[in-house]
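Following: one structure in structure tokens, then a few remarks.
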Amino acid sequence: MISEYDIIESDKQHNGGDTMKCAIGQDSHSFSQEPDRKLILAGVHIKGHAGLLANSDGDVIYHALTNAISGITSVNILGKTADLMCKAGLTDSSFYVKEALKSLEYKIEHVSFTIECMSPVLFPYIDIMKENIASLLGIDKKNIGLTATSGEGLTSFGKGYGIMCFCLITVS
Ligand SMILES: [Zn+2]
Numbered sequence: 336m337i338s339e340y341d342i343i344e345s346d347k348q349h350n351g352g353d354t355m356k357c358a359i360g361q362d363s364h365s366f367s368q369e370p371d372r373k374l375i376l377a378g379v380h381i382k383g384h385a386g387l388l389a390n391s392d393g394d395v396i397y398h399a400l401t402n403a404i405s406g407i408t409s410v411n412i413l414g415k416t417a418d419l420m421c422k423a424g425l426t427d428s429s430f431y432v433k434e435a436l437k438s439l440e441y442k443i444e445h446v447s448f449t450i451e452c453m454s455p456v457l458f459p460y461i462d463i464m465k466e467n468i469a470s471l472l473g474i475d476k477k478n479i480g481l482t483a484t485s486g487e488g489l490t491s492f493g494k495g496y497g498i499m500c501f502c503l504i505t506v507s
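Structure below.
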């Protein structure tokens with residue numbers, strides 16, 4: 336005979352007793368035609384490459400991260416809040432991540448990023464990007480995953496029109 340208590344206990348096991356959550360964030364930008372526009376990814380200035388079209392610095396990695404944090408907190412930052420911050424002169428996207436973190440009442444266990452673009456080649460920058468993300472979130476670098484792919488040129492990102500990033504965050 337299954338009691339009401341057994342059902343509640345079984346539900347707790349299935350959802351981890353509400354102690355762990357995951358959320359996904361995504362963002363994409365196309366490359367700007369402006370020659371002076373800087374390409375900033377996870378706070379790293381990648382020299383000699385076209386920048387991304389945006390009101391802010393267009394840091395697609397920090398934007399995906401901001402959206403992933405919002406996926407946990409249900410407090411959206413990109414859009415209205417970030418636009419207002421941008422108008423106030425805060426165009427460095429690390430400010431949007433910090434704004435999203437203000438509502439986060441969980442400990443960040445892990446963040447995983449996957450980036451799709453034809454160029455730039457991101458391999459030489461992965462370590463420094465992880466360092467920036469680690470210090471921004473106050474977590475160890477070993478809890479950050481970051482991969483990049485050209486997706487075999489099947490999408491606009493793989494064809495070189497811009498960059499897309501997904502971020503999965505795990506908190507407890
Ligand atoms: Zn964005």
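What the sequence shown shows, in our numbering, is residues 336 to 507, in sequence order.
For each residue, glycine too, the CB sits at the ideal point set by N, CA and C.
Note down, in chain order, each residue of its chain lying with its Cβ closer than 6 Å to the Cβ of residue 485, except the 5 sequence neighbours on either side. The residue you call residue 485 lines up with position 150 of the sequence shown. Excluding the 5 residues flanking it on each side, residue 485 has same chain C-beta neighbours closer than 6 Å at 453 and 493, in chain order.
Assign residue 482 to one of two classes, buried (16 or more other C-beta atoms within 10 Å of its C-beta) or exposed (fewer than that). Counting from 1 along the sequence shown, the entry for residue 482 is found at position 147. Counting C-beta atoms within 10 angstroms of its own C-beta, residue 482 has fewer than 16 neighbours from the protein chains shown and is therefore classed as exposed.
Could you give the C-beta distance for residue 435 and residue 404, rounded to a whole number, given that I count them as a contact under 8 Å? Locating residue 435 in the sequence shown gives position 100, counting from the first residue. Locating residue 404 in the sequence shown gives position 69, counting from the first residue. That pair is a contact at about 4 Å.
Give me, in chain order, the residues of the same chain whose beta-carbon lies closer than 6 Å to that of residue 443; leave out the 5 immediate sequence neighbours on both sides. As a first step, residue 443 must be located in the sequence shown, where it is residue number 108. Closer than 6 Å at Cβ, skipping near neighbours: 472, 474 and 506.
Buried versus exposed call for residue 390 [16 or more other C-beta atoms within 10 Å across all chains shown]: Walking along the sequence shown from the start, residue 390 turns up at place 55. It is exposed - the Cβ of residue 390 has fewer than 16 other Cβ atoms within 10 Å.
I need the residues with a C-beta less than 5 Å from some heavy atom of ligand 2; please give them in chain order. With respect to ligand 2, the structure offers nothing, as its ligand set consists of ligand 1.
Minimum length 4: unbroken alpha helix (DSSP H) runs contained in the region 392-462: Here the runs fully enclosed are 395-408, 415-422 and 429-436.
Quick one: is residue 356 near chain C, going by C-beta distance under 8 Å? In the structure shown, chain C does not exist; there is a single protein chain.
Taking Cβ positions, are residue 385 and residue 367 nearer each other than 8 Å? As a working mapping, residue 385 is identified with position 50 in the sequence shown. As a working mapping, residue 367 is identified with position 32 in the sequence shown. Taking 8 Å as the cut-off, the beta carbon of residue 385 is found closer than this to the beta carbon of residue 367.
Keeping to the same chain, check which residues put their C-beta closer than 7 Å to that of residue 362; ignore five residues upstream and five downstream. For the purposes of this step, residue 362 is identified with residue 27 of the sequence shown, where counting begins at 1. Taking C-beta separations shorter than 7 Å and ignoring five residues to either side along the sequence, the partners of residue 362 in its chain run 395, 398, 399, 402 and 500, following chain order.
For residue 433, collect the residues of the same chain with a Cβ closer than 8 Å to its Cβ; drop the 5 residues on either side in sequence, then sort them by chain order. The residue you call residue 433 lines up with position 98 of the sequence shown. Cβ neighbours of residue 433 beyond the five flanking positions: 471.
For the beta strand (DSSP E) holding residue 473, just list the boundary residues, first then last. Position 138 of the sequence shown, counted from the first residue, corresponds to residue 473. Counting along the chain, residue 473 falls outside any beta strand (DSSP E), and DSSP gives it neither H nor E.
Just to confirm before moving on: does the CB-CB distance between residue 498 and residue 468 stay below 8 Å? As a position in the sequence shown, residue 498 is number 163, starting the count at 1. As a position in the sequence shown, residue 468 is number 133, starting the count at 1. For residue 498 and residue 468, no; Cβs fall outside 8 Å.
Compute the Euclidean distance between the alpha carbons of residue 392 and residue 416, then round it to the nearest angstrom. Translated into the one-based positions of the sequence shown, residue 392 becomes position 57. Translated into the one-based positions of the sequence shown, residue 416 becomes position 81. A direct Cα-to-Cα measurement between residue 392 and residue 416 gives close to 15 Å.
For a quick check, are the C-beta atoms of residue 431 and residue 413 less than 8 Å apart? Here residue 431 refers to the residue found at position 96 of the sequence shown. Here residue 413 refers to the residue found at position 78 of the sequence shown. Here residue 431 is near residue 413, since their CB atoms are less than 8 Å apart.
Alpha-carbon spacing of residue 496 relative to residue 503, whole angstroms: In the sequence shown, the residue the question calls residue 496 occupies position 161. In the sequence shown, the residue the question calls residue 503 occupies position 168. Answer to the nearest angstrom: the Cα atoms are 24 Å apart.
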